[in-house]
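Read in my numbering, the sequence shown has 234 at position 100, and its numbers run on one by one without any break.
Read through the structure below, which is laid out as structure tokens, and then see the notes.
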Amino acid sequence: MNDREIAARYVEEIKKIAAKLGTIRLMEVCGTHTVAIFRAGIRQLLPKNIELVSGPGCPVCVTADDYIDKAIAYSKREGVIIATFGDMLKVPGSTSSLTEAQGEGADIRIVYSPLDSIEIAKQNPMRKVIFLAVGFETTAPTAAATVLAAKAQGVDNLFMLSAQKLVPPALRMLLSDSEVKVDGFILPGHVAVVIGSKAFDFLVSEYNISGVVTGFEPLEILRSILRLLVMIDRGNAEVANEYKSVVSDVGNAAAQKILSQVYEPVNANWRGIGQIKNSGLKMRDDFAGFDIEQTDPIQVESIAKKTACRCGEVLRGVINPTKCPLFGKACVPTHAVGPCMVSVEGVCAAWYKYGGNRFRTN
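As structure tokens, this is what we get:
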């Protein structure tokens, strides 16, 4: 049986179960899942009563205005080099972006790994190199490993501006939000590689809701949707692992050890959502010398913007992007108003790119 035949079988089984159910809303938490779902046309294959909504699974999208404002302020200081992933450049702060700062002369360099920033620091010993440490549990261990490597190599001009986020606290926030209506979760495979599938058991024990950890191929996603519907139909909440080839129950012990050695949980601000308890990471006191905010604090005054952008509601799965009055009009990938349109994994960017002409109103 080839992939097309297997997919057809999954879809038929999904339709049979869906016929017995009312409207079911399943949230894919990961931005990579959002893109994969659109690229494969999975939404169009599902019955109308099975709705897929996107969650706050794009780290760039949930990075707060004040973090971008700080990064820009540091970039304008003499002797500073900013190292960052490319998709951070266009993320709007309260008044500007890193792209604009770069155009005004700031030394901002794109890297593909936090470890690249060590070499930049070695090549520029008289300058401060600040890596913008943004991401989830997937990339945070690499940032921690970079700090450990810099310390071991005696590199003392490398610093982190940290804004890593943790997924489980965000899911708790969503399930405590009366506006959010979710019947099950398609859980992020990449995050689960690090923290393990059991890290999501609280979905069952605290909220009696199911989740499936899965990969990013169309068949894997369809199988996870089918499994979620089976559990919902039976009234049997559980967390299932459909990505056992790379995800274990307990995750990657080595990555967890490095992460906990360098970082500790802290309350964090998520753009469009607000503060979530213990959902971020900050450096422990033993590594404070690598934390730019501790070694060289900076004060910025973020200006609250009045905008019709509804990115916060999109990130919580309350609305889809087409409900935002800016989508496809004032807000497009080449001129993004909100962060959901900036990143390739942003919900709005995925809807615009893969949603078809019916979503493009400009």
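Heads up, the beta-carbon is just placed ideally off N, CA and C, and yes, glycines get one too.
Self-check item: Identity of the residues DSSP links to R159 by a beta bridge
Solution: Taking the sequence shown and counting its residues from 1, one reaches residue 159 at position 25. Partner residues in the beta bridge of R159, as assigned by DSSP, are E185.
Practice problem: Between the Cα of T229 and those of W485, P352, I264, G472, spot the shortest distance and give me the residue it belongs to. | Solution: Along the sequence shown, one-based indexing puts residue 229 at 95. When only C-alpha atoms are compared, the closest one is G472.
Quiz item: In whole angstroms, what is the alpha-carbon distance linking E427 and M417?
Solution: Sequence index remark: in the sequence shown, residue 427 carries index 293 (1-based). Sequence index remark: in the sequence shown, residue 417 carries index 283 (1-based). Straight-line Cα distance between these residues: approximately 10 Å.
Quiz item: Exposed or buried, what is P431 when buried is set at 16 or more other beta-carbons lying within 10 Å of its beta-carbon?
Solution: For the purposes of this step, residue 431 is taken as residue 297 along the sequence shown, with counting starting at 1. Here P431 is exposed. Its C-beta has fewer than 16 other C-beta atoms within 10 Å.
Exercise. Apply the 10 Å Cβ neighbour rule to N491 and answer buried if 16 or more other Cβ atoms are within range, or exposed otherwise.
Key: The residue labelled residue 491 in the question sits at position 357 within the sequence shown. Note on N491: pLDDT 43, under 50, position unreliable in the model; the coordinate value appears next. N491 should be labelled exposed.
Quiz item: At a cut of 8 Å, does the stretch 197 to 211 reach the stretch 307 to 321 through at least three beta carbon pairs?
Solution: Using a C-beta cut-off of 8 Å, the stretch 197 to 211 makes no contact with the stretch 307 to 321, since fewer than three inter-stretch Cβ pairs fall below that distance.
Quiz item: In three-state DSSP terms, what is Y246?
Solution: Start at 1 with the first residue of the sequence shown, and residue 246 comes out as number 112. Three-state result, Y246: coil.
Practice problem: Classify H167 as buried or exposed, calling it buried when 16 or more other Cβ atoms lie within 10 Å of its own Cβ. | Solution: Walking along the sequence shown from the start, residue 167 turns up at place 33. It is buried - the Cβ of H167 has at least 16 other Cβ atoms within 10 Å.
Quiz item: Using DSSP with H/G/I as helix, E/B as strand and the rest coil, what is N496?
Solution: Reading the sequence shown from its first residue, position 362 is the one you call residue 496. Here the model assigns N496 a pLDDT of 38, short of 50, so the residue's position is not dependable, and the following value carries that caveat. DSSP places N496 in coil when its eight states are reduced to three.
Quiz item: Hey, out of V400, A326, L180, whose CA is closest to D383's CA?
Solution: Here residue 383 refers to the residue found at position 249 when the sequence shown is read from its first residue. When C-alpha distances from D383 are compared across V400, A326, L180, the shortest belongs to A326.
Quiz item: From F493 to M260, what does the alpha carbon distance come to, in whole angstroms?
Solution: Walking along the sequence shown from the start, residue 493 turns up at place 359. Walking along the sequence shown from the start, residue 260 turns up at place 126. Any answer about F493 is weak, because its pLDDT of 49 lies below 50 and its placement is not dependable; what the coordinates show is given next. Roughly 50 Å between the two C-alpha positions.
Quiz item: Along the chain, where does the alpha helix (DSSP H) that runs through G446 open and close?
Solution: For the purposes of this step, residue 446 is taken as the residue at position 312 of the sequence shown. G446 -> alpha helix (DSSP H) spans 445 to 449.
Practice problem: Kindly give me the distance between the Cβ atoms of V225 and T197, rounded to whole angstroms, as I take these residues to be in contact under 8 Å. | Solution: As a position in the sequence shown, residue 225 is number 91, starting the count at 1. As a position in the sequence shown, residue 197 is number 63, starting the count at 1. That belief holds up - the Cβ atoms of V225 and T197 are roughly 6 Å apart, short of 8 Å.
Self-check item: Cutoff 8 Å; reference K285; Cβ partners in own chain excluding five residues on either side
Solution: For the purposes of this step, residue 285 is taken as residue 151 along the sequence shown, with counting starting at 1. These residues qualify, in order along the chain: F421, F424.
Practice problem: Let me know if S358 comes out buried or exposed under the rule of 16 or more other beta-carbons within 10 Å of its beta-carbon. | Solution: The sequence position of residue 358 within the sequence shown is 224, counting from 1. With 16 or more Cβ atoms within 10 Å of its Cβ, S358 is classed as buried.
Exercise. Let me know if A387 comes out buried or exposed under the rule of 16 or more other beta-carbons within 10 Å of its beta-carbon.
Key: The residue labelled residue 387 in the question sits at position 253 within the sequence shown. Exposed: under 16 other Cβ atoms inside 10 Å.
Practice problem: From the DSSP output, in three-state form, read off G406 for me. | Solution: Residue numbering aside, residue 406 sits at position 272 when the sequence shown is read from its first letter. G406 sits in coil when the DSSP states are folded into three classes, being neither helix nor strand.
Exercise. Give a yes or no on whether 7 Å exceeds the smallest Cβ distance from G237 to chain D.
Key: Of the protein chains in the structure, only one exists, and it is not chain D.
Quiz item: Do you know how far the Cα of C443 is from the Cα of Q501?
Solution: The structure shown has nothing for residue 501, since the chain only spans 135 to 496.
Quiz item: According to DSSP, what are the bridge partners of H167?
Solution: For this step, residue 167 is matched to residue 33 along the sequence shown. In DSSP, H167 forms no bridge with anything.
Quiz item: Around the C-beta of M307, are 16 or more other C-beta atoms found within 10 angstroms, so that it is buried, or is it exposed?
Solution: Position 173 of the sequence shown holds residue 307. Flag for M307 reads buried.
Practice problem: Following the continuous beta strand (DSSP E) through I421, name the residue where it begins and the one where it ends. | Solution: If you number the sequence shown from 1, residue 421 lands on position 287. At residue 421 the sequence reads Phe, which differs from the Ile that was named. From DSSP, F421 is part of no beta strand (DSSP E); its letter is neither H nor E.
Practice problem: Rounded to whole angstroms, what's the CA-CA distance from Y246 to M294? Just pull it up for me. | Solution: Position 112 of the sequence shown holds residue 246. Position 160 of the sequence shown holds residue 294. Looking at the two C-alpha atoms, the distance is approximately 15 Å.
Quiz item: Using DSSP with H/G/I as helix, E/B as strand and the rest coil, what is D203?
Solution: Numbered from its first residue, the sequence shown carries residue 203 at position 69. Helix at D203.
Practice problem: Please confirm whether A217 and F265 have their CB atoms less than 7 Å apart. | Solution: Counting from one through the sequence shown, the residue named residue 217 turns up at place 83. Counting from one through the sequence shown, the residue named residue 265 turns up at place 131. Contact: yes.
Quiz item: Looking at the unbroken alpha helix (DSSP H) that takes in F336, where does it start and where does it end?
Solution: For the purposes of this step, residue 336 is identified with residue 202 of the sequence shown, where counting begins at 1. Where F336 is concerned, the enclosing alpha helix (DSSP H) starts and stops at 336 to 341.
Practice problem: Excluding the 5 residues preceding and the 5 following G406 in the sequence, name in chain order all residues of the same chain whose CB lies nearer than 6 Å to its CB. | Solution: Position 272 of the sequence shown, counted from the start, is the residue given in the question as residue 406. Excluding positions up to five away in sequence, the list reads C445, G446, L449.
Quiz prompt | Classification of E530 by the beta-carbon crowding that lies within 10 angstroms, buried from 16 upward | solution = Limits of the chain in this structure are 135 at one end and 496 at the other, which puts residue 530 out of reach.
Practice problem: Alpha carbon to alpha carbon, how far is L393 from R243? Give it in angstroms, no decimals. | Solution: To locate residue 243, count along the sequence shown from 1; it is residue 109. To locate residue 393, count along the sequence shown from 1; it is residue 259. In this structure, the straight-line span from the alpha carbon of R243 to that of L393 is close to 25 Å.
Quiz item: Can you check whether the CB of L309 is closer than 7 Å to the CB of S251?
Solution: Walking along the sequence shown from the start, residue 251 turns up at place 117. Walking along the sequence shown from the start, residue 309 turns up at place 175. A distance of 7 Å or more separates the beta carbons of S251 and L309.
Practice problem: Assign V565 to one of three DSSP states: helix, strand, or coil. | Solution: No statement about residue 565 is possible, as the shown extent of the chain runs from 135 to 496 and does not include it.
Quiz prompt | Where L223 sits in the DSSP three-state scheme | solution = Position 89 of the sequence shown holds residue 223. Assigned with DSSP and collapsed to three states, L223 falls in coil, not helix or strand.
Quiz prompt | Supposed close pair G349, G323 - CB separation, criterion 8 Å | solution = As a position in the sequence shown, residue 349 is number 215, starting the count at 1. As a position in the sequence shown, residue 323 is number 189, starting the count at 1. Contact flag correct, Cβ pair sits at about 5 Å.
Practice problem: Check S358 in the structure and name its three-state DSSP category. | Solution: Start at 1 with the first residue of the sequence shown, and residue 358 comes out as number 224. Helix, per DSSP.
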